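For the sequence shown, full-length UniProt numbering gives the first residue as 1, with consecutive numbering after it.
Cβ coordinates follow ideal geometry from the N, Cα and C atoms, glycine included.
Fair warning: this is a prediction, and the values are worked out from it, not measured in the lab.
Some notes on the structure that comes next.
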Amino acid sequence: MKGKLSKVWLPLMVSGVVLATISVVVVLRTSKPENPFPLSTEVVEKAMEEQSLQWKIGESTSFSDGNVNYEVRNENGKITVFITSTLANNDKGQLSGTVNAANERRFLEVMLLPPTTYESKLTEAITEEQWPAMFDFACSLYGGPRNSKKVYRQFKKATKDEKYEPSKGKKIVWLKKIDGVRYVVSMRPSEKYYGRFDLLSIMLMNDVCYKDYLAAMKRFEEKQAEQEKKKAERSAALSSAGS
1 MKGKLSKVWL PLMVSGVVLA TISVVVVLRT SKPENPFPLS TEVVEKAMEE
51 QSLQWKIGES TSFSDGNVNY EVRNENGKIT VFITSTLANN DKGQLSGTVN
101 AANERRFLEV MLLPPTTYES KLTEAITEEQ WPAMFDFACS LYGGPRNSKK
151 VYRQFKKATK DEKYEPSKGK KIVWLKKIDG VRYVVSMRPS EKYYGRFDLL
201 SIMLMNDVCY KDYLAAMKRF EEKQAEQEKK KAERSAALSS AGS
């Protein structure tokens, strides 16, 4: 009996090992690594090619080590998006010394030019019909096994919520963590199309960078609140003086 069992199980064990090996090979081949930051022109051009975007890189700038910014023009030669990518290892957004898993900050922003009430000879806005392609493009730039279709579905579902009603008249920021990456998407009620949104920017970042982002937003809101308080106090003082 022992010999018979061995004869039965041995082929199954071999098959299991072969299947496991195939699975590992498939994962290794299909898992796309995250792109090195800051993004090179080659990575940006490859992402445009992957998304069949007939765009070209215009001017590029860098504000610090680990940062690069690209102006992108569409097939009509008009500026349509700006790309910012930053690699840093401290909460000031700077790169100095060694980068490791504990201090690495990866930040990507694709800033879109929304429709306006006036026409420009230099720029061309991104329309709502192009939003899915913009999510595909941003995810391709960031790299890694990003599921842009999944991200866009969740984004569209969230924007149907009552709190995202365009008539509220204020900027909306959608925050979500999907497959280990933080997404920060900014929108506003459209200036040109009543009852619709304009998409302002798509940001992707890792957890360490996201903590810095939240802290910066908190400081900004506190500063704004302080300015509003001072403004109200000045107005009250002027009213009292006038009476």
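- If the five residues before and after T80 are omitted, its C-beta is found closer than 8 Å to the C-beta atoms of W55, V72, R73, N74, L112, L113, T123, E124, A125, I126, all from its own chain and listed in chain order.
- When the five nearest sequence neighbours on each side are left out, the beta carbons in the same chain lying within less than 6 Å of the beta carbon of E109 are those of T84, S201, M203, in order along the chain.
- The residue among F197, D212, P145, T159 with its C-alpha nearest the C-alpha of G180 is P145.
- Within the segment 93-158, the beta strand (DSSP E) runs of at least 3 residues that lie entirely inside it are, in chain order, 105-112.
- Apart from the 5 residues on each side of it in sequence, Q51 sits with its Cβ closer than 7 Å to the Cβ of A133, D136, F137, S140 in its chain, given in chain order.
- The DSSP assignment places complete alpha helix (DSSP H) segments of no fewer than 4 residues inside the segment 24-95 at 41-50, in order along the chain.
- K211 carries a helical assignment under DSSP once its states are collapsed to helix, strand and coil.
- Judged by DSSP in its simplified three-state form, R234 adopts helix.
- The Cβ atoms of N35 and V208 lie no closer than 8 Å to each other.
- In this structure, D212 lies away from P115, with their beta-carbon atoms at least 8 Å apart.
- Distance from the CA atom of E191 to the CA atom of W174, rounded to whole angstroms, is 19 Å.
- Ranked by Cα distance from W131, the options A88, M187, F107, D91 are led by M187.
- It is roughly 10 Å from the alpha-carbon of L87 to the alpha-carbon of S96.
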